[in-house]
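First residue of the sequence shown: 333, per my numbering; consecutive thereafter. For glycine and all other residues, C-beta sits at the position ideal for the given N, C-alpha and C. Since the structure is predicted, the reported quantities are computational estimates derived from the model, not experimental observations.
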Amino acid sequence: MREILRVENLSKSFGKFKAVDNVSFNLRELEITVLIGPNGAGKTTLVNLVTKKLKPDQGRILFMGRDITNLNSYQITRLGIVRTFQIVNLFPTLTVYENLKVAALGSKTDNKEIEMIMSELRLDKYKDVKVMNVSFGVQKLVELAMALLLKPRLLILDEPAAGLPREDRKNLMRILKEIGEKITLLIIEHDMEFVFELAQRIMVMNRGKIIA
């Protein structure tokens, strides 16, 4: 597998607290990597640095061989790095399909592609249902579908299984395994059953460092 992302000596401090401390790692194409560690380990800060929500104090980030350290979040999304968040951010009064149409604006995605992604994520039956009237598990899938419409090469998921009942977690796991055959995945997760079933590689972070 060829390398898709390389992080070199990345650091970020908030005052005297070093949230990310000289971190280096790489991600291989079409591999599912899960980032684990206790609360406060620096996982979200690390992802915020990679996705350009934060600027690093030092270090650099390479994506497909290109230095993206000084690019902004909009630019790296266009290059193919897309992220979802732990808390879903949808339009509750719009239908599932309308939410996906909004996500597709400006991404040169046609209606056929929207229909295809809905089918892949088993969202067809919710097409005309308002988002506020579907379960949290379905909302998570809608957010995932919106991310896929941006055509990522690297998809970063922040605790996708959080708050889901067991059956929804199993469904999400199956879907992510299918997605992982076409898209590189980096996932922050605390559910260890979910982690060990899904991950092809696990990175452990603590006190701002990758320790294993």
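Consult DSSP for glutamate 529 and reduce its assignment to one of helix, strand or coil.
Residue state, collapsed to three classes: helix.
Beta-bridge pairing of serine 343 - partner residues as DSSP gives them
Partner(s): Gln390.
Please list, in chain order, all residues of the same chain as glutamate 491 whose beta carbon is under 7 Å from its beta carbon, the five residues on each side excluded.
Excluding positions up to five away in sequence, the list reads Gln418, Ile520, Glu521, His522.
In three-state DSSP terms, what is arginine 454?
If DSSP states are grouped into helix, strand and coil, arginine 454 belongs with coil.
So the beta strand (DSSP E) arginine 415 belongs to, where does it begin and stop?
Unbroken beta strand (DSSP E) run through arginine 415: 413 to 416.
What does a CB cutoff of less than 7 Å around arginine 392 pick up in its chain, not counting 5 residues either side in sequence?
Result list for arginine 392: Glu340, Asp399, Thr401, in chain order.
For valine 414, which of Ile368, Ile534, Leu453, Leu517 has the nearest alpha-carbon?
Residue Leu517 holds the alpha-carbon nearest to the alpha-carbon of valine 414 among Ile368, Ile534, Leu453, Leu517.
3-residue-minimum beta strand (DSSP E) runs that sit fully inside the segment 474 to 506, ordered along the chain
Counting whole runs of 3 or more residues, the segment 474 to 506 contains the beta strand (DSSP E) stretches 486 to 490.
Using a Cβ-Cβ cut-off of 7 Å (strictly less than) and excluding sequence neighbours within five positions of threonine 425, which residues of its own chain qualify?
Cβ within range, chain order: Lys462, Met464.
Isoleucine 446 classed as buried or exposed, judged by whether at least 16 other C-beta atoms fall within 10 angstroms
So isoleucine 446 ends up on the buried side.
Isoleucine 449 - DSSP class collapsed to helix/strand/coil:
DSSP places isoleucine 449 in helix when its eight states are reduced to three.
Alpha-carbon spacing of leucine 394 relative to isoleucine 488, whole angstroms
Each residue's Cα considered, the two are about 16 Å apart.
Per-residue burial, asparagine 371 [other beta carbons within 10 Å of its own, 16 or more giving buried]:
It is exposed - the Cβ of asparagine 371 has fewer than 16 other Cβ atoms within 10 Å.
Leucine 337 versus Leu476, Gly412, Lys514, residue with shortest Cα-Cα distance
If we check each option's Cα against that of leucine 337, Gly412 comes out closest.
At a cut-off of 7 Å, is asparagine 404 close to the ligand MN when judged by its beta-carbon and the heavy atoms of the ligand?
The ligand MN is absent from the structure shown, which contains no ligands of any kind.
Under 8 Å between the Cβ atoms of glutamate 538 and glycine 369?
Reading off the sequence, residue 538 comes out as asparagine, not glutamate. Here asparagine 538 is near glycine 369, since their CB atoms are less than 8 Å apart.
Compare the C-alpha of threonine 377 against each of Thr365, Phe349, Gly397 and name the closest.
Among Thr365, Phe349, Gly397, the Cα nearest to that of threonine 377 belongs to Phe349.
Candidates Leu362, Asp389, Leu359: which alpha carbon is nearest alanine 351's?
Closest option to alanine 351, Cα to Cα, is Asp389.
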